[in-house]
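**Q** This is the structure, below, for whatever I ask next.
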Amino acid sequence: MNLEMVGNLVRLRYKLLWAKTRTRNGKIALFVAGYLLLVLVLILMGAGGVGAGVAAVRSGKGQSVAELVLSGLFLQALISTVMLGFGLGAVFSETELRRYPLTARERWLARHCIGILDPFWFILLVLYLGLLFGMYLVGNVSLGLGLVGLVVLFLANYLAARAIALVMERAVKGKTGSLVLMSLVILLGFLPGTLAPVLQKNHALADTLLGILRFTPPFGAAATIAGDGAAAWSGLAVELCWTVGLLGVLAALEKRPPSRARAAATGSIAWGGRYDRIGGIFGPQLAPLVAFWLRFYVRNNRFRTLYLITLPVCAFLTYNLGKAEGHRLHGQNALFVAALGAFPLASFLGTSRIAVNQFGYAGGALRRMLLLPTDPAASLRAGSYAGVLLESTLLLLATVAWVVLAPVRGDIRMLFMLVASGSTGLFLFHGAALWVTLYGPRRGKYDASFGNDMSLMANILVVGGALTCIFVPQVLSGVVPASVNPDYWWASIPVAAAAWAFYRVSLRITASLFEGRRERLMAVVEGRA
Amino acid sequence: MSSQSMPQDAIRISNLVKQYGPVMAVENLSLVVPRGRMFGFLGPNGSGKSTTIGCLTGLLDANSGEIEILGQPFTAGSAALKRRMGVMPETLGLFDPLYAHEFLAFVARMFGLDEETTRKRVNELLAALELTDAKKTLGEYSTGMRKRAAFAAAVIHSPEVLFLDEPFESIDPAGVALLKQWLRRFTEQGRTVFITSHVLETVERLCEEVAIITRPGKLVWQGDITVLANDGAIRYDGQEFRALEPLFLHLTGERYADLNWL
């Protein structure tokens, strides 16, 4: 095993990361990321991991709290990687590594060493270790065995995330993959809400479930830290079994050649498709461009997946947040308040990745757009119109779903407020996305199904936007109850109008700035900056 | 505009300067390309060829200098002039998720062709360039097929001036022969072709006139090279050059490094 070569590749990955900081944007990103990391580590070490550890021992239920915390972290890591794409960036693909004199095993090791040394996984490890140190400070736990248990758990977590991501990546490339994924999201989304009342009533079933969970890696790790003697060693054995099993699954999956990603084959040349007809709405100048952007969106695997799961995710959020808030609001309007956040979320989630980085996935094709005999910013506008158009259809579907399914559907004022809230999100997000497209571009792979390839600015907009949608209505319902009261439905009109005005102004200003930014954009999307 | 009233020069560059920050890419370049010529634009790597083409096609903004295409001042916003130009950029500029016919139809419609003409020309170009596999998107094409698709996009609207950045690399000999035949007919009709290439033999056989630049975008020689095709020689600096390669090496100062371990 040529470990020196593997080490060189790991070092090269960090050299490349460091090289990015030579640019102005890189310096800003480094500063923000470093600051966030420091704050996060301090907060989580203090209040999260260590705090949880201290609380676990003091409560006298050390192992139970450890099980809960570790399971939560384990699941959060899976969701963050599989759903949001953090920590799965492929710095070197198998094909790229084949250029070097490495054996298959060395290439495998190099890829996963680079993968597991991603800053995202580093944060997770810090959290895991925080819990151990917290418990060690106030309790009588074995630091050595606990440390081994957590490192094995960390490995299992990484391997599980990689394996699940790979399975999902393969699935979404197939014809029915997106639908299967949507069904899974619906199932997983509604399962906790449906299962909780059943478990509360049926203690025997809860005990059985708990017994099964003892054979999972987080429970195994908790036993290793807080258990005594044989229990600790059996916990470690459970973890090791999982790690070896996941390693085998991942190796088997990676051995299987992936099916080639392919857009729907036409078989013969088809003229005047639906995209051209839809594009025609925007007039002869923009029609071909809008039609192009619609194809660009619709043929993207990740867009298709996100677009399909958006409504189920929003329904899940509405249902669960509405249920959680039901007690505080005495059941009144709780579902409606949650839906006020879910509607704007539905208006940008599907198109988000491409909307915030319109040209990042076009690569050298950006030049083609600039060579067209039209206003240079026409492609920017057309791309934005295509995104708004696609999301509008989801907004329409969400409205229909609310009318058909919601228990309070009779109130037309609520419906009006929901549509206004959705439109506000639609225009605010797509307006802001235009700015991010110009000032926070990043070169991305169009075909990549996983990995977070958005710039820092884009991440702030998408993740921040989603969090805003989830929490702002809840906060407003407590601080300014009138803002979510259907009696004041008319107040949503100026808000939606302001969002629309912001979108129009953004379109106009970014279009005028586009020409000046085009050289920089070309350099970024072609990988020269 | 009748051919008599058309300007004699297809491209006229005066004192073009392009800098990337402190780095000078093109320094005071002046160049005239007559109409109806097959014009080769040569230079070593990093000499500013692509930057010059970028400025000539509106992709880049020059820091100073003037560009005239077909007798009119040209800037990035010159939409009417762009309609009369065809460009095959260095990066090919293909939209990978599209099928070849969708891509060509898109380009044709953007350049103002009506639907009927678009369909006719797309079908003819796809057949001629053997791009008829409708089951493959451009992203699934081989390098040579991608190059053919980019070439088709550059000529679909019958431009008056054609800019081709390394057009023949990766295309098979039969394909190259076809493209050369089209390009010769193109110039016979009074249209202009502006080619950059590192394959000097191809340029020597195809082009009538050549400009050679060296770092940073400085013109060192421009002249007629048709004499080389008739076994003649180009005289320069007191020497006779019977092929383009020795002249190029002499002008650009490029030398082979002698590595004794290689």
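Sequences listed follow chains A and B, in order. Add 140 to a position in the first sequence, counting from 1, and you land on the number used in this note's numbering. Add 279 to a position in the second sequence, counting from 1, and you land on the number used in this note's numbering. Every residue gets a Cβ at the ideal spot worked out from N, C-alpha and C, and that includes glycine.
#1: Look up residue 435 of chain A in the DSSP assignment and give the residues it is bridged to.
#2: Shorter than 8 Å from the beta carbon of residue 428 of chain B to some beta carbon of chain E?
#3: Is the closest heavy atom of the ligand FAD to the C-beta of residue 382 of chain A under 7 Å?
#4: Between residue 505 of chain A and chain B, is there a C-beta pair that is closer than 8 Å?
#5: For the alpha helix (DSSP H) containing residue 465 of chain B, name the first residue and the last one.
#6: Identify every run of the beta strand (DSSP E) within the stretch 396-459 of chain B, keeping only runs that are complete inside it and at least 3 residues long; order them along the chain.
#7: If you draw a straight line from the alpha carbon of residue 282 of chain B to that of residue 523 of chain B, how long is it in whole angstroms?
#8: Residues of the stretch 523-549 of chain A with a CB closer than 9 Å to any CB of chain B: list them in chain order, please.
#9: Anything in chain A within Cβ reach of residue 446 of chain B, meaning under 7 Å, just list it in chain order.
#10: With distance defined between alpha-carbon atoms, name the residue in B:380, B:387, B:401 nearest to residue 415 of chain B.
#11: Flag residue 454 of chain B as yes if its beta-carbon sits less than 8 Å from any beta-carbon of chain A, otherwise no.
#12: Residue 481 of chain A: which of A:593, A:265, A:607 sits nearest, CA to CA?
#13: How about residue 440 of chain B: is its C-beta nearer than 8 Å to some C-beta of chain A?
#14: Answer yes or no: does any C-beta atom of chain B fall closer than 8 Å to that of residue 513 of chain A?
#15: How far does the beta strand (DSSP E) with residue 345 of chain B in it reach, from first residue to last?
#16: Contact between the stretch 538-553 of chain A and the stretch 302-314 of chain B is defined here as three or more beta-carbon pairs at a separation below 8 Å; is this criterion met?
#17: Residue 494 of chain A: buried (16+ other C-beta within 10 angstroms of its C-beta) or exposed?
#18: Go ahead and pull the three-state DSSP assignment for residue 541 of chain B.
#19: Is the CB of residue 361 of chain B under 8 Å away from at least one CB in chain A?
#20: Distance cutoff 8 Å, beta carbons only. Does residue 340 of chain B sit that close to anything in chain A?
#21: Closer than 8 Å by beta-carbon distance: list the chain B residues that pair up with residue 447 of chain A, in chain order.
#22: If you follow the alpha helix (DSSP H) that residue 534 of chain A is in, where does it begin and where does it stop?
#23: Roughly how many angstroms lie between the CA atoms of residue 425 of chain B and residue 369 of chain B, to the nearest whole one?
#24: Starting from residue 308 of chain B, trace the beta strand (DSSP E) both ways and give me its first and last residue.
#25: Starting from the Cα of residue 431 of chain B, find the closest Cα among B:457, B:419, B:452 and give me that residue.
#26: Which same chain residues, not among the five before or five after residue 319 of chain B, have their C-beta less than 8 Å away from its C-beta?
#27: Take residue 568 of chain A and list the residues in its own chain whose beta-carbon comes closer than 7 Å to its own, dropping the five residues that flank it on each side.
#28: Which of the three DSSP states, helix, strand or coil, is assigned to residue 374 of chain B?
#29: When we look at the beta-carbon of residue 633 of chain A and count the other beta-carbons within 10 Å, is it buried (16 or more) or exposed?
#30: Under three-state DSSP, which class holds residue 460 of chain A?
#31: Please classify residue 504 of chain B: does DSSP put it in a helix, a strand, or coil?
#32: Residue 586 of chain A touches chain B at which residues, Cβ-Cβ below 9 Å?
#33: Any idea if residue 421 of chain B is buried or exposed, counting beta-carbon neighbours within 10 angstroms, 16 or more meaning buried?
#34: If we require 4 or more residues per run, which alpha helix (DSSP H) segments fall completely within the stretch 254-297 of chain A?
#35: Going along chain B in order, which residues have a C-beta closer than 8 Å to the C-beta of residue 236 of chain A?
#36: Count the other CB atoms, across all protein chains shown, that sit within 10 Å of the CB of residue 306 of chain A; report buried if there are 16 or more and exposed otherwise.
**A** Well, looking at it:
#1: Counted from its first residue, the first sequence places residue 435 of chain A at position 295. Answer by DSSP bridge pairing: none, since residue 435 of chain A is not bridged.
#2: No chain E is present in this structure, whose protein chains are A and B.
#3: By its list of ligands, the structure shown contains no ligand whatsoever, and the ligand FAD lies outside what it can speak to.
#4: Here residue 505 of chain A is taken as the residue at index 365 of the first sequence, counted from 1. Output row for residue 505 of chain A: interface = yes.
#5: The residue given as residue 465 of chain B occupies position 186 in the second sequence. Counting along the chain, the alpha helix (DSSP H) containing residue 465 of chain B begins and ends at 452-467.
#6: 440-444
#7: By 1-based counting over the second sequence, the position of residue 282 of chain B is 3. By 1-based counting over the second sequence, the position of residue 523 of chain B is 244. The pLDDT assigned to residue 282 of chain B is 46, lower than 50, so where the model puts this residue is not dependable; a value taken from the coordinates is nonetheless given after this. Cα to Cα, residue 282 of chain B sits roughly 32 Å from residue 523 of chain B.
#8: none
#9: Looking up residue 446 of chain B in the second sequence gives position 167. Those within 7 Å of residue 446 of chain B in chain A number zero; the least Cβ separation is about 15 Å.
#10: Sequence index remark: in the second sequence, residue 415 of chain B carries index 136 (1-based). Residue 415 of chain B has its Cα closest to that of B:380, out of B:380, B:387, B:401.
#11: By 1-based counting over the second sequence, the position of residue 454 of chain B is 175. False, the Cβ-Cβ gap to chain A never drops below 8 Å.
#12: For the purposes of this step, residue 481 of chain A is identified with residue 341 of the first sequence, where counting begins at 1. Considering only alpha carbons, the answer is A:607.
#13: Taking the second sequence and counting its residues from 1, one reaches residue 440 of chain B at position 161. Not one chain A Cβ lies under 8 Å of residue 440 of chain B.
#14: The residue given as residue 513 of chain A occupies position 373 in the first sequence. So, interface residue.
#15: Within the second sequence, the letter at position 66 stands for residue 345 of chain B. Per DSSP, residue 345 of chain B belongs to the beta strand (DSSP E) from 343-348.
#16: no
#17: As a position in the first sequence, residue 494 of chain A is number 354, starting the count at 1. Counting Cβ neighbours within 10 Å, residue 494 of chain A comes out buried, since at least 16 surround it.
#18: Here residue 541 of chain B refers to the residue found at position 262 of the second sequence. Correct three-state label for residue 541 of chain B: coil.
#19: As a position in the second sequence, residue 361 of chain B is number 82, starting the count at 1. Answer yes: the Cβ-Cβ gap between residue 361 of chain B and chain A drops below 8 Å somewhere.
#20: Here residue 340 of chain B refers to the residue found at position 61 of the second sequence. So, interface residue.
#21: Along the first sequence, read from residue 1 onward, the residue named residue 447 of chain A stands at position 307. Simply none; closest approach about 15 Å.
#22: The residue labelled residue 534 of chain A in the question sits at position 394 within the first sequence. First-last of the alpha helix (DSSP H) with residue 534 of chain A: 518-545.
#23: Within the second sequence, numbered from 1, the residue matching residue 425 of chain B stands at position 146. Within the second sequence, numbered from 1, the residue matching residue 369 of chain B stands at position 90. Straight-line Cα distance between these residues: approximately 12 Å.
#24: Stepping through the second sequence from its first residue, residue 308 of chain B is reached at position 29. From DSSP, the beta strand (DSSP E) with residue 308 of chain B extends over 302-313.
#25: In the second sequence, counting from the first residue as 1, residue 431 of chain B sits at position 152. It is B:457 whose Cα lies nearest to the Cα of residue 431 of chain B.
#26: Numbered from 1 along the second sequence, position 40 holds the residue referred to as residue 319 of chain B. Closer than 8 Å at Cβ, skipping near neighbours: 474, 475, 476, 482, 485, 486, 488, 489, 490, 504.
#27: On the first sequence, residue 568 of chain A is found 428 positions in, with the first residue counted as 1. Same-chain partners within the cutoff: 639, 642.
#28: The residue you call residue 374 of chain B lines up with position 95 of the second sequence. Of the three classes helix, strand and coil, the one that applies to residue 374 of chain B here is coil, per DSSP.
#29: Mapped onto the first sequence, residue 633 of chain A falls at position 493. It is exposed - the Cβ of residue 633 of chain A has fewer than 16 other Cβ atoms within 10 Å.
#30: By 1-based counting over the first sequence, the position of residue 460 of chain A is 320. Helix at residue 460 of chain A.
#31: Indexing the second sequence from 1 puts residue 504 of chain B at position 225. Residue 504 of chain B falls in the coil class under three-state DSSP.
#32: The residue labelled residue 586 of chain A in the question sits at position 446 within the first sequence. In chain order: 375, 376, 418.
#33: Looking up residue 421 of chain B in the second sequence gives position 142. So residue 421 of chain B ends up on the exposed side.
#34: 259-278
#35: As a position in the first sequence, residue 236 of chain A is number 96, starting the count at 1. Those do not exist, as residue 236 of chain A stays about 18 Å from chain B at its closest Cβ, beyond 8 Å.
#36: Here residue 306 of chain A corresponds to residue number 166 of the first sequence, with the count starting at 1. The residue is buried, with at least 16 neighbouring Cβ atoms inside 10 Å.
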